[in-house]
Amino acid sequence: MSLSSEVLQEANKAIINDPKKCRDELVPKLKDLTERIQMLSWSLHQNFIDTYFNFTPTKSLEQLNYKNRKANIISDYAKFQEDVQLKHEKSEKKEAIEEFDSNCKKLAKSMESFHDLCAVVEGKAVLDKANHEFGRYNYTEAMVSVRELQNKLRRLTFEGNGVKALANLNCQAETQLALYTAQLSIEMEDIFTWSQKKGGNFMSYSLSVQQSDPGLVQKILKSLYVTERMHAELAMFSHFFIEQLLHDVIRHHCEIFTEDHIGALVFNIKINLNEDKKPNFQTIFNNLTAIFEFLQSTLGSQFEADKTFIQVFAESVCDKFFNKIIEDCIRGNLPSCDSSYQNYKNIVVELDSFNKFLIELKFVEAANSPLNKYIDDTECVLYNKKCDKLLSDVRNLLNQSLSYGTIVVGTDFDVQMESLWDLTPREVVYDLNNPLFMPKCVVSQNVKRIMSLVVEHLEESEKLPQRYADRLVMYIKDIAVMYQCIVPKKFKTNLECCPLDIALFFNNCMYLAHGLLGPPWRNALRAALAERLNAALLECVQDLRVLALEKMSLYLHKQKTAIVHNIEANELPWSHESYETLDRGVNHATGALRELRAAWQHVLPRRMYELCACALLQALCGALLARVFADARPVREELVYMLAGRFDDTIAEIDALFEEPIQLETKVEVWSKFCLMPELLRAQLLELAERWRRDQRLASTYTCEEIRLIVRMRFPDDHYRFRILKDIQ
Numbered sequence: 001m002s003l004s005s006e007v008l009q010e011a012n013k014a015i016i017n018d019p020k021k022c023r024d025e026l027v028p029k030l031k032d033l034t035e036r037i038q039m040l041s042w043s044l045h046q047n048f049i050d051t052y053f054n055f056t057p058t059k060s061l062e063q064l065n066y067k068n069r070k071a072n073i074i075s076d077y078a079k080f081q082e083d084v085q086l087k088h089e090k091s092e093k094k095e096a097i098e099e100f101d102s103n104c105k106k107l108a109k110s111m112e113s114f115h116d117l118c119a120v121v122e123g124k125a126v127l128d129k130a131n132h133e134f135g136r137y138n139y140t141e142a143m144v145s146v147r148e149l150q151n152k153l154r155r156l157t158f159e160g161n162g163v164k165a166l167a168n169l170n171c172q173a174e175t176q177l178a179l180y181t182a183q184l185s186i187e188m189e190d191i192f193t194w195s196q197k198k199g200g201n202f203m204s205y206s207l208s209v210q211q212s213d214p215g216l217v218q219k220i221l222k223s224l225y226v227t228e229r230m231h232a233e234l235a236m237f238s239h240f241f242i243e244q245l246l247h248d249v250i251r252h253h254c255e256i257f258t259e260d261h262i263g264a265l266v267f268n269i270k271i272n273l274n275e276d277k278k279p280n281f282q283t284i285f286n287n288l289t290a291i292f293e294f295l296q297s298t299l300g301s302q303f304e305a306d307k308t309f310i311q312v313f314a315e316s317v318c319d320k321f322f323n324k325i326i327e328d329c330i331r332g333n334l335p336s337c338d339s340s341y342q343n344y345k346n347i348v349v350e351l352d353s354f355n356k357f358l359i360e361l362k363f364v365e366a367a368n369s370p371l372n373k374y375i376d377d378t379e380c381v382l383y384n385k386k387c388d389k390l391l392s393d394v395r396n397l398l399n400q401s402l403s404y405g406t407i408v409v410g411t412d413f414d415v416q417m418e419s420l421w422d423l424t425p426r427e428v429v430y431d432l433n434n435p436l437f438m439p440k441c442v443v444s445q446n447v448k449r450i451m452s453l454v455v456e457h458l459e460e461s462e463k464l465p466q467r468y469a470d471r472l473v474m475y476i477k478d479i480a481v482m483y484q485c486i487v488p489k490k491f492k493t494n495l496e497c498c499p500l501d502i503a504l505f506f507n508n509c510m511y512l513a514h515g516l517l518g519p520p521w522r523n524a525l526r527a528a529l530a531e532r533l534n535a536a537l538l539e540c541v542q543d544l545r546v547l548a549l550e551k552m553s554l555y556l557h558k559q560k561t562a563i564v565h566n567i568e569a570n571e572l573p574w575s576h577e578s579y580e581t582l583d584r585g586v587n588h589a590t591g592a593l594r595e596l597r598a599a600w601q602h603v604l605p606r607r608m609y610e611l612c613a614c615a616l617l618q619a620l621c622g623a624l625l626a627r628v629f630a631d632a633r634p635v636r637e638e639l640v641y642m643l644a645g646r647f648d649d650t651i652a653e654i655d656a657l658f659e660e661p662i663q664l665e666t667k668v669e670v671w672s673k674f675c676l677m678p679e680l681l682r683a684q685l686l687e688l689a690e691r692w693r694r695d696q697r698l699a700s701t702y703t704c705e706e707i708r709l710i711v712r713m714r715f716p717d718d719h720y721r722f723r724i725l726k727d728i729q
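Per my numbering, residue 1 is the first one in the sequence shown, and the count goes up by one each step.
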């Protein structure tokens with residue numbers, strides 16, 4: 001570096017580092033800029049007030065040399081800012097020059113106000129140019145420029161008359177934009193029209209798109225999109241498309257054809273109202289495909305934007321479109337549960353094809369299509385229909401009377417086998433790996449049908465994926481719960497008063513419990529499904545058994561109470577009247593037993609019938625014996641023999657309750673005692689004493705006090721009876 005250059009560099013550095021010298025150089029520029037901005041701002045403000053407040057413009061912007069003065073001010077201000085910034089960056093001394101900085105801030109504020117005034121005074125030119133462009137069919141440029149002007153004006157604030165002038169400018173911009181929008185709507189109505197015509201047996205829809213000036217169509221559509229007016233213009237068509245056109249295309253057969261009119265292409269849909277049969281999936285999807293292709297090939301081909309015409313149209317109708325397709329077309333036309341699985345798959349193929357068409361058309365995104373669940377989870381849809389039908393069929397069957405139709409189930413086995421009817425207490429009631437004995441009995445036909453439906457449903461589920469196993473189990477569990485809840489409530493009176501219905505309900509519950517355990521399921525179904533069934537249904541099985549036993553126990557308790565009450569409902573001591581009361585009570589009890597035999601003997605399983613009958617016999621025999629021992633006072637010989645005869649008749653009637661002889665002494669606790677009573681009533685005094693000493697069966701059945709009571713009741717009080725009573729100990 002030369003000596004002269006070094007000297008010049010040091011001089012410049014000294015000037016820059018000297019705040020006073022820097023200020024002296026920049027202050028004149030600052031004052032000049034400030035004066036120029038103030039002068040032009042005043043002129044612009046006056047122009048704005050004259051134009052939009054007084055409406056009598058004096059000097060035009062050209063007369064004010066506005067463009068050159070504005071450009072020079074903006075350029076000089078930018079250079080001034082650079083100089084100020086350079087001073088702050090290179091200055092090694094950072095002493096603040098408060099007055100200079102304050103003036104710089106004022107200049108910045110003046111510049112902001114200057115820009116605001118520029119925006120409003122240029123507003124008239126912007127609006128005039130927009131009118132010019134709109135007249136040349138440059139709709140987009142015109143409307144966008146007015147929109148941008150409005151956005152600028154919204155950020156401005158003035159004082160005094162400037163407020164009213166700004167409001168007038170805003171009003172003019174809004175009016176101008178409204179006129180453009182209205183004109184675009186008129187143009188759109190000329191481009192795209194639709195109509196509906198109804199005849200006696202048909203309904204016709206027509207969609208017409210102008211083809212005479214594609215360039216104008218393109219400009220109109222682009223302007224509507226850019227100005228976000230497309231949705232508003234398509235609102236009426238969207239409503240027409242969903243509520244009328246789509247509605248009828250789904251429900252009726254139609255004929256589609258196009259016509260070339262002068263400068264327009266017309267798409268016609270003729271609906272046949274006389275056809276009662278609804279169109280199938282393929283017909284509906286083909287018709288909708290044709291409608292979408294017409295819209296895309298006419299309006300869509302002229303639509304130049306970042307979205308297609310169909311995409312914009314879909315934003316208005318997508319949700320309603322798919323809801324209507326699903327509710328009115330898919331769900332209403334899915335094949336019945338009785339249809340083959342292949343038939344259902346064919347429908348899904350049609351669904352998949354239509355879904356892919358809508359995705360390619362960009363009507364819906366692939367991941368967001370509501371049709372996906374009907375395509376990807378075909379088994380689920382079919383399975384849900386089958387399950388819903390299963391529950392519906394079960395509900396209908398549960399409304400049938402218990403005795404509406406009956407059927408014999410089960411088999412008689414001579415060999416003792418494990419059974420759900422076995423009421424013997426044990427730690428393990430049944431083994432899930434082994435079949436269970438189903439005793440012969442009568443059940444309601446509706447219950448057998450319910451169990452058949454469950455088995456059919458399980459067999460069908462073997463064709464479906466593993467993920468439906470849990471849902472299947474819950475449906476079957478619901479069936480068991482439905483039976484426990486609905487039938488007892490619906491037939492409450494029958495289960496309290498009608499012996500046949502009580503027996504059938506008992507058998508039905510046990511039959512369902514037996515059926516829910518399967519053949520067992522581990523031998524018939526997949527291991528995972530069998531495990532879920534066993535785990536979920538064991539509780540239902542136990543609940544059904546408990547409910548069956550509860551209803552049967554309540555009825556038996558009611559019958560036992562009635563038997564005991566009728567036998568004990570007479571006054572002591574013994575007389576002809578008290579005997580007649582006893583006789584009526586016993587006749588009532590044996591009559592009730594005969595009715596139960598007629599209702600239960602060939603309905604309940606044999607062992608269950610014996611248990612129920614023996615429970616009532618225990619009450620009858622015990623009550624009759626208790627009545628005999630209730631009074632120890634002497635009874636006339638005639639009444640004693642009548643009582644003995646009553647016991648003999650009762651024993652004969654009890655034997656007639658069973659088709660085959662059974663060992664009642666092992667099932668009725670007091671049976672042996674009951675059978676000995678007529679013999680004791682007829683025996684003589686010495687015979688009673690002798691039998692007590694020698695007959696072990698009598699000693700094991702009766703107590704000493706009971707024999708002594710019979711002696712007191714039958715024989716007079718004398719020294720002979722006293723001696724016999726003394727021997728009976």
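Cβ atoms here follow ideal geometry from the backbone N, Cα and C, with glycine treated the same way.
- Note on geometry: alpha-carbon atoms of I710 and A632 lie some 7 Å from one another.
- If you look at Q210, you'll find it isn't in any alpha helix (DSSP H); it sits in the beta strand (DSSP E) that goes 202-210.
- Secondary structure in the stretch 166-245: the beta strand (DSSP E) runs of 3 residues or longer, each lying completely within the stretch, are 192-198, 202-210 in chain order.
- Straight-line measurement puts the Cα of E459 at about 14 Å from the Cα of L516.
- With respect to the C-alpha of Y66, the residue from Y77, L44, T51 having the closest C-alpha is L44.
- Residue pairing by DSSP places I710 opposite no residue, since no beta bridge is assigned to it.
- Note on geometry: alpha-carbon atoms of A366 and Q244 lie some 27 Å from one another.
- The continuous stretches of beta strand (DSSP E) do not include F294, which lies in the alpha helix (DSSP H) extending over residues 281-298.
- For G585 and K389, the gap between their C-alpha atoms comes out near 53 Å.
- Taking C-beta atoms as the reference points, F322 and P279 fail to come closer than 8 Å.
- The DSSP-derived three-state label of C254 is strand.
- Assignment of beta-bridge partners to H45 by DSSP yields no partner.
- Here E259 is bridged, per DSSP, to V266.
- With contacts defined as CB atoms closer than 8 Å, E187 and I220 qualify as a contacting pair.
- F491 sits in coil when the DSSP states are folded into three classes, being neither helix nor strand.
- In this structure the stretch 393-411 lies against the stretch 440-450, because at least three pairs of beta carbons, one per stretch, are closer than 8 Å.
- The stretch 140-159 makes contact with the stretch 170-187: 3 or more CB pairs, one atom from each, lie closer than 8 Å.
- Around the CB of C254, 16 or more other CB atoms lie within 10 Å, so the residue is classed as buried.
- Within the DSSP secondary-structure output, C441 pairs in a beta bridge with V409.
- Each of H115, V564, E705 was checked against the Cα of L616, and the nearest Cα belongs to V564.
- Between the alpha carbons of I73 and V84 lies a distance of about 16 Å.
- Around the CB of H457, 16 or more other CB atoms lie within 10 Å, so the residue is classed as buried.
- P499: member of the alpha helix (DSSP H) spanning 499-516, first to last residue.
- Proximity of the stretch 500-511 to the stretch 595-606 meets the contact definition, three or more beta-carbon pairs being nearer than 8 Å.
- In the structure shown, N68 adopts helical secondary structure according to DSSP, grouped into three states.
- Inclusion of Q218 and E304 in the CB contact set at 8 Å is warranted, their separation being smaller than that value.
- CA-to-CA, the gap between R147 and T181 works out to about 12 Å.
- Remark: C-beta atoms of N268 and F281 do not approach each other more closely than 8 Å.
- In this structure, A264 places its C-beta atom within 8 Å of the C-beta atom of S208.
- Comparing alpha-carbon positions, the option among Y225, I359, M451, G135 lying closest to L397 turns out to be M451.
- By alpha-carbon distance to Y511, the top candidate from I359, Y483, F192 is Y483.
- Note: I271 is bridge-paired with M203, C254 in the DSSP secondary-structure output.
- Take H231, set aside five residues on each side of it, and the residues of its chain with a beta-carbon closer than 6 Å to its own are S316, in chain order.
- The DSSP-derived three-state label of N523 is helix.
- Going by DSSP, P678 is part of the alpha helix (DSSP H) stretching over 671-682.
- By the neighbour-count definition (other C-beta atoms within 10 Å, threshold 16), W42 is an exposed residue.
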